[in-house]
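In this text, residue positions in the sequence shown follow the numbering used here: the first is 7, and each later residue adds one. We treat Cβ as the ideally placed atom computed from N, Cα and C, and that holds for glycine. For reference, the structure discussed in these notes is given below.
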Amino acid sequence: MIHKYDVERCRKLAVSLFHMRINRSFPRRRLLHNGPDTIEELLDRHLVSKKKTYDDEENELLTRQRLTSTRREALSLYRDILRASRFFMWPDSRGFLWRDVLRENARKEFEEARFEKDPEIITRLLIGGHDAVQSALDKLAEKQREQIAKLQADRDRR
Numbered sequence: 007m008i009h010k011y012d013v014e015r016c017r018k019l020a021v022s023l024f025h026m027r028i029n030r031s032f033p034r035r036r037l038l039h040n041g042p043d044t045i046e047e048l049l050d051r052h053l054v055s056k057k058k059t060y061d062d063e064e065n066e067l068l069t070r071q072r073l074t075s076t077r078r079e080a081l082s083l084y085r086d087i088l089r090a091s092r093f094f095m096w097p098d099s100r101g102f103l104w105r106d107v108l109r110e111n112a113r114k115e116f117e118e119a120r121f122e123k124d125p126e127i128i129t130r131l132l133i134g135g136h137d138a139v140q141s142a143l144d145k146l147a148e149k150q151r152e153q154i155a156k157l158q159a160d161r162d163r164r
């Protein structure tokens, strides 16, 4: 952000350099490489902010939509993790329920990636998260099928 004080300081410097050039106490060459001819041009070029164009507004809208969609996807993934963790009701080696461990780790990982700005990294994290949830659910379903088949085999032997 450019403050009024900075602009005024730059104007004073430019005016003093201009007067030095007129008084020939300063060599007769351009101060800026092929720069502006007047102080106003100098200030306009370096201190005045660019006006927004249609393309800038469109890019800003696309960025906002992308952020909204990734935010929506991240929330969806988090909810999927919470839903999937309901199925993990047995304790781990320390005696904590796997459901609670999974939820705690998911929360920690989401908090660590909360302020990530790079779209590629965000996309990679989302894809990796979806893959991990799907893989865990597939393994759980396979183990449950094996247990059901084992129970049916035990029943059939009797």
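Quiz item: Three or more C-beta pairs closer than 8 Å, one from the stretch 79-90 and one from the stretch 106-117: is that the case here?
Solution: The stretch 79-90 is in contact with the stretch 106-117.
Quiz item: Cβ atoms of Arg109 and Leu88: under 8 Å apart, would you say?
Solution: In this structure, Arg109 lies closer than 8 Å to Leu88 by Cβ.
Exercise. Identify which residue in Leu68, Glu152, Ala112 has its Cα closest to the Cα of Gly135.
Key: Ala112
Quiz item: Which residues in the same chain have their Cβ closer than 8 Å to the Cβ of Arg15, if we skip the five residues on either side of it in sequence?
Solution: none
Quiz item: If you drop the 5 nearest sequence neighbours on each side, which residues of the same chain put their C-beta closer than 6 Å to that of Ser31?
Solution: Reliability fails at Ser31, whose pLDDT of 49 lies under 50, so the model's placement of it is uncertain and no value is given.
Exercise. Give every residue of the same chain whose Cβ lies closer than 6 Å to the Cβ of Thr76, excluding the five residues on either side of it in the sequence, and list them in chain order.
Key: Ile128
Practice problem: Could you name the residues of the same chain whose beta carbon sits closer than 7 Å to that of Tyr84, not counting the 5 residues immediately before and after it, in chain order? | Solution: Cβ neighbours of Tyr84 beyond the five flanking positions: Ala112, Phe116.
Self-check item: Continuous alpha helix (DSSP H) stretch holding Phe116: start and end
Solution: Per DSSP, Phe116 is one residue of the alpha helix (DSSP H) stretching across 104-118.
Exercise. Ignore the nearest five residues each way along the sequence and tell me which others in Leu132's own chain have a CB closer than 8 Å to its CB.
Key: Thr76, Glu79, Ala80, Leu83
Exercise. Look at the alpha carbon of Arg92 and the alpha carbon of Gln153, and state the distance between them as a whole number of angstroms.
Key: 19 Å
Quiz item: CA-CA distance, Ala155 and Leu146?
Solution: 14 Å
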